[in-house]
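Notes follow the structure.
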Amino acid sequence: MKIKLNFLLCVFLLLPLVLFAQQQIRGKVTESGTGEPVIGASIIEVGASNGTTTDVNGNFSLAVRKNAVIRISFIGFLSQEINTGGRTSFDIVLREDAQSLDEVVVVGYGTQKRTEITGAISSIKGDDLTKLATQRIDQALQGRAAGVLVLNADGAPGGNTVIQIRGVNSILGGSDALIVVDGFQGGDLTSLNPNDIESMEVLKDASATAIYGAKGANGVILIQTKRGRSTKPRISYSADFGVSNVLMGGVKLMNAADYARETNFYNSRNNYDYDPIPIFTDEEITEFERTGGTNWMDVVYRQALTQTHQLSVERKIDNLTFYVSGQYYNQEGVLLASGYDRYSLRANFNSDITNWLKFGLTWYGALETRYGAAFDPNIDPNGNPIYASLNYAPTLPIYDEEGNYSKANPLYGHPTAWNPLASAIEPDSKRQNVINNANLFLDFNILKGLTLRVQGSARLNNALDASYYNTKTYGGYTDNGIGTSTSSFAKNLQNSNILTYKLDIGKHNFQVLGVGEIQYSETFSTKISNKDFIIQETGYYSLGGSNIQKTSSSHNERKLVSFLGKLNYSFDNRYLTSFSLRADGSSVFGRNHKWGYFPAGSLGWRVSEEKFLKGNKLISNLMFRSSFGVTGNQAIGSYQTLSRIAQDSAYPWDGGDGAIVAYTVNSASNPNLKWESTIQRNLGFDIALLKNQLEFTAEVFRKNTTDMLLSRELPLSSGLTSITDNVGSMETTGWEVSFKTNGIRLGNLRWSSSLNLSSSSTIVLDLGTYKFLAYSAGSSGGGVGVPFKYLTVGEPFGQFMGFKYIGLWQEGEEEEAGRYGQRPGNARYEDVNADGKIDFDNDWQVIGNSTPDLILGWSNDFSYKRWNLSFLFQGTIGNDIFNVSRIQRESASTGVSVDRLKRWTYENQNTDIPAVWDSKSGVAYRDAWNATHPDQPYVSTYIFPTSGGNLTSRWLEDGSYIRLKNIQLSYNFPSIQGISNLRLSVSCTNVFTLTKYKGFDPEVSSYTTSAAHYGTDTSSYPQARTVNFALNITL
Amino acid sequence: MKTIKYLSRKTTLCILLIFLLSGCELIDLEENPRGVVTADNFFNTPEQVESVLASWGRYTFKPWGRTYGYGPDFERHTDQRGGNLLIQLDYCATFFTKHYNSIKDLNFAIYALQAGQVPVTEDQYNLLMGQLKFLRAWNYFQLVRGWGDIPLLTEEHVPDYFNYQLTRTPVAEVYAQIILDFQEAIKTLPIKWSTDKKGRPTQDAAKALLAKTYLTMATAPLNETSYYAKAADMAKEVMDAGNYSLVQDIDKVFSFETEYGPEMMWSFHANDEYPSTDPRVWTPLDGWSDNAPSIPWANAYPEQPRKGAYLQLYDKNGVHYNTRKRAPGIKKYLYDTKENFEKYFTRINIPIIRYADVLLIFAEAENMSKGGPTQAAVDALNLVIDRSNGHVENFNHPRANIDMWQDEFDLKVLRERNLELCFEHDRWFDMLRKRSILTDVRESVRPNFDERIYLWPIPEAEIRANKNMTQNPGY
């Protein structure tokens, strides 16, 4: 009995072994090509719950059932399934995932297999983004995707970028792409931590974007953040240190002695009434020769440090996965006192609660702070340290004899520019932003193939801008201190209810999507703006200590309600089609047009799935795609359709102190205001060769924007200048190609490369009552207060207009020049109708265009054993820039540009810098001319519009450039016990730029708010060259 | 498994139901602005009506009182340096725009007041209406002189104000409206405001501006010479009323003590909180050269106490402008403290109408309407001349007398206007109404003279958006 019992016990104990015929297998996983062990690869038994990961030598062991199938997978490699078939030892070679065709791509409201996509979508992997030294996703996107133009509007830490997909689309509505993070629409890229990004998809054509309806017209960028991927805990730490130096580009300034001589020279020319007294004595000039005066660039710019620390933990435990990361990022600006820092935290949880309910929670919080004096083009340029350092006389010292900051001398040099050092370091300005993003979804698996996702998202922003301009600053000097504090609270809420149904009947695959969605946003801000401070020291911490106090507040809210349906159908993976329709209702539009409808459709033919190509060794994928769709742009402010009466400061109507508040009727109502809509057609084809080692994609598209939101002009006599209305249309056509190699091998060397080229041009078709619309750059930058950028019916978008400068009048051309009242050495302009006058009516013409002919990006990645080298070239070709800041810099009276020394003289005629004639000789010249030409008096016939004398192509430059944007060299150390990955890298950003441009940087757009202003350089914050050292450790 | 499915269906249903139920309210897309004022909820109190008077200041002080210093060169060709007499399209478009901006607000307020929308007593009503009409008249007076026939919008257009594309109203009809408005202002404005409202326009200010209107009507372009008598009578009313008088000390004509009388009748106001323009613009000697008086003009200015009072002849170190070889400054506008000047800040007012102007209007109108100078005309002119000479005989700048010819006296009055009212926006309009631009401007710019200059170009934007609008001849 005892034996029996023992036997039974044995049987009982062994039963599982017998029943499941367990066996121990072991093996090693290596990388194809290099033979390096793959660490942390996961090995699981298919259909069971057991699994393991490889150790530091790539070895594993696992107990599996007999004849079990095991799946070996590792991120970035193709997964393999192996039937153990009784074997116990395995040598597994993993091949790198060369853009796996089964890859799933995130699309609007769901995912799709890459091979099933019929729209134009560019994908970027998170890993590619983190290779760059930048901690900004928008900047990392530059040069990475065809058809995507990323402009750094300024080089400031935390500065603005413009992301434009497939050219301009809208004038008033803006051209910035819609950002969607984990299904949550809106938000910006600057504040996100790039290390958290799993993937990024750029949706370009209407079949992809139309399901975002009224927000989709400018393209959509979908971002998916990381989830826990590994059953083994992964703890990663990275640190990055960078050193930045300012890049002067084409800006060259005079030294003090030259400047003093030039100033004396110019002063001496004004000799009509008297011979003027020289401003600088010879002794002073000699002294400047010795000391060199002040180099204001050296004074206000510095070598700046950047550091980043990042820690993340991720794991998959049973039904729960999590990814948690924290980052500290601190970037000093190259301009003194400027900087940006960010603390951010992300927690992503996903869980299968039951087999019919899943949940996911993503939370992202960040605190960002921007420091430093304001320098945007909307502030008074005189107090802008960037502008001041480019225009303040080098003959002035930093401090005067009494130790105070020097002031501009009214007798010479720039009359109003403020001391650059004071402008940079004296303002105390801090712009803080708290970002709180929460995103929760529940996935209900209702029936097989039928799921419902209910998603709720909230983004809460709390911003606090505080600044104090003390009496040593430009504005604070006159006003005895200016303290402001603006706090705003912005709330964005979104609820999306997404019903998805998938059905496969034989070779017919259906996918149906239905969405109901509500988005609501509200902003409330209050501003305190005080002047005339009794105590300077306390600044904005004690705003009450001031004599002049102003407060204001503003509030606006908007709502968007949407319904959407989409059907995808494919037959045998060969013929693919999709249709969608979205209805959007928005509060911001006129009473009569609250709702808009946005349909789209697409067709795809995967030729490589046809019998004649299937299994072809050369062609692994070939697909033709075509799409059509309507998208909208609702980017106008709230309450634009109502007639509003606004407060406009106050005026001392009673006389004496005090004032009464002014209100003014400032808009007319427009109950018919509605969406701007864009119809886009796209044709594309993809081909992949040699097992996807080579990939090529080409697209052509055409976009027609109608009902364009524009300011429709009202008669000035009505007391208003314009009303926002749907007038006008534009058409954009363009093409994109991208070419990719995925891991071509030359022995141990592996090369991956991606080249993308794109081009688009936009024609203005209709502008309502206008024949043209004109844009000026304001008076900032000391240049052009009159319009120079034009939208003209029938002409391309981005035209610059002005007088065409054709060099200087030369010796021997006196007779011809005299007809225009000019002399040799004066500027010469094209007289289009040859009437002997240069005037606005006849000679004003197109002198350039700010749209590039070609946008290019070329990234390369070389690996050799444990070494990796990658670099990225990017650039634009064929765009013009209006260099507004050069006008002031080359001013014959006050400019600091070294080019002034090349002034035209009879000895030096090969130059573009006009002569400066003295007034006495000018009068003598005129009298002599009048004596010999009594029929035609010597009068200048250059009749420029009021203050429009600078609107000439002399200031227009070729903005083409090619830049080695980034180069990085890294080394992966062999794994040591406990450390699965250790990587050291060194990289350099903005390595060199090939360009003829004479400003700081050709990648400029001082005006980011309006596409109409692109290509205007009023000396924005310069770019820097940064060298970074980085360390990554993964446990 | 079945339960689960059942449950999940139920859950789904619930969620859909919640969504649909709440949807009814959520789907409401009407806008409900909370921080924005619309025409429906404004102009309901006297204070709200008064805010439009302030809006007049916001719109017009900037072009006339602040950027004027840098902007259009009304006087560049005569009393100031620079200028070329070339008037291009959109010249002075800002002025055109700003006057109509203000007229719009005034019309909305007049409309609301007339419609009984504002709960006011009759006195309050009259005071408000008087000020509104006074300002509207002044705006149109500036416009009609600059541009000639112009669209005339009044409170009658209000309900559909932004949909009109009006044709040009002839100059005479515009003047008729101006006269009506000033007359109503004269009827309703007080002789004197309380001290805390000392800067508001008085009955006499309206009369003075009406006199100026009549005088302008008597000259080009209307040349209705019958209006000389009306101008003289209206000016005489102001003189006889005795509410205003000349400041006898020439150095005190422009000063903080005299900003609101007895000579100053109405001006653009500034104070600590709402300052005037950067004072450096008024002094090439210690500041910039934007607004520099012409040196030949300054050298020709008769030597008398007024020259040193109105022009800054010496820089801050006491060096004469001819020694400094720079243009003199405009001392009229430099009466704020040295400390404020050093801070690039000034609180000075910019005059619009003052008593000296009334005397000169009277002298000119009386002489022209009576066929030659009368004793009253001579006396009025001599009041200004005597003060300019510091009340002593001055051979550089002799008094007028009854024996002068009509033409001779007229020229002397205009010369006196130039000297007395220099840089007060008057010179250009005097040249317009006397059609004397060609003879008055510097010789060097004469080749650029063109008859069209007597009217400024209608701004292009007005022509583009108003299909009934035509451009002035020659542009």
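Protein chains in written order, with my numbering: chain A, 811 to 1845; chain B, 50 to 524.
Glycine included, C-beta positions come from ideal geometry on N, C-alpha and C.
These figures come from a predicted structure and were not determined experimentally.
Rounded to the nearest whole angstrom, the C-alpha separation of F92 (chain B) and V98 (chain B) is 6 Å. Any Cβ of chain A closer than 8 Å to the Cβ of S100 (chain B) would place that residue at the interface, and such an atom is present. For F1090 (chain A), the CB contacts under 6 Å within the same chain, skipping 5 residues up- and downstream, are A1070 and N1074 in chain order. Within the region 1694-1723 of chain A, the complete alpha helix (DSSP H) runs of at least 4 residues fall at 1694-1699.
T1602 (chain A) is outside the set of residues whose beta carbon lies under 8 Å from a beta carbon in chain B. For the region 1153-1185 of chain A, the continuous beta strand (DSSP E) assignments of 3+ residues that do not extend past its boundaries occur at 1167-1181, in sequence order.
Between the alpha carbons of D1210 (chain A) and N1229 (chain A) lies a distance of about 11 Å. Within 9 Å of the CB of E1236 (chain A), no CB atom of chain B is found; the nearest one sits about 16 Å away.
In chain order, A510, R513 and A514 make up the part of chain B whose C-beta sits under 7 Å from the C-beta of E1523 (chain A).
Counting only unbroken stretches of 4 or more residues, no alpha helix (DSSP H) element lies wholly within the region 1534-1594 of chain A. Using a Cβ-Cβ cut-off of 8 Å, D321 (chain B) counts as an interface residue toward chain A, since at least one Cβ of chain A sits closer than that to its own. Boundaries of the alpha helix (DSSP H) around M417 (chain B): Y404 to S418. In the structure shown, the three-state DSSP call for Y1600 (chain A) is strand. Using a CB distance below 7 Å, the part of the region 1208-1220 of chain A facing chain B consists of P1220, ordered along the chain. DSSP lists A:Q995 and A:L1032 as the bridge partner or partners of V990 (chain A). Per DSSP, the beta-bridge partners of C1798 (chain A) are A:I1777 and A:V1837. For the pair A267 (chain B) and D406 (chain B), the Cα-to-Cα distance works out to about 17 Å.
F305 (chain B) has no beta-bridge partner at all, per DSSP. The beta-bridge partner set that DSSP reports for I849 (chain A) is empty. Under the 10 Å beta carbon count, H446 (chain B) is surrounded by 16 or more other beta carbons and is classified as buried. E388 (chain B) counts as exposed, since fewer than 16 other C-beta atoms from the protein chains shown sit within 10 angstroms of its C-beta. Residues R194, A269 and Y503 of the same chain have their beta carbon placed closer than 8 Å to that of L481 (chain B), with the five preceding and five following residues left out of the count.
Within chain B, no residue has its CB atom less than 8 Å from the CB of S1729 (chain A), the nearest being about 11 Å off.
The C-beta distance from W1727 (chain A) to G1622 (chain A) rounds to 17 Å, too long to meet the 8 Å contact threshold. Using a Cβ-Cβ cut-off of 9 Å, I152 (chain B) is close to S1527 and G1529 of chain A, given in chain order. D245, K246, K247, G248 and R249: these are the residues of the region 228-250 of chain B whose beta carbon lies less than 7 Å from some beta carbon of chain A, given in chain order.
Following the DSSP letters along the chain, one finds V917 (chain A) inside the beta strand (DSSP E) bounded by residues V914 to V917. Uninterrupted alpha helix (DSSP H) stretches at least 4 residues long and entirely within the region 455-501 of chain B occur at 455-469, 476-482 and 486-489, given in chain order.
DSSP links E1332 (chain A) through a beta bridge to A:K1301 and A:E1367.
As the crow flies, the alpha-carbon of I1256 (chain A) is around 30 Å from that of R1156 (chain A). Taking a C-beta cut-off of 8 Å against chain A, the contacting residues of the region 366-387 of chain B are K374, listed in chain order. Proximity to H1365 (chain A) across A:T1116, A:D1496 and A:T1336 peaks at A:T1336, based on C-alpha coordinates. Around the C-beta of T386 (chain B), fewer than 16 other C-beta atoms lie within 10 Å, and the residue is accordingly described as exposed. At least one beta carbon of chain A lies nearer than 8 Å to the beta carbon of I76 (chain B). With contacts defined as CB atoms closer than 8 Å, G997 (chain A) and I975 (chain A) fail to qualify as a contacting pair. Taking one beta carbon from each stretch, the region 921-940 of chain A and the region 979-994 of chain A have fewer than 3 pairs nearer than 8 Å; the two do not touch.
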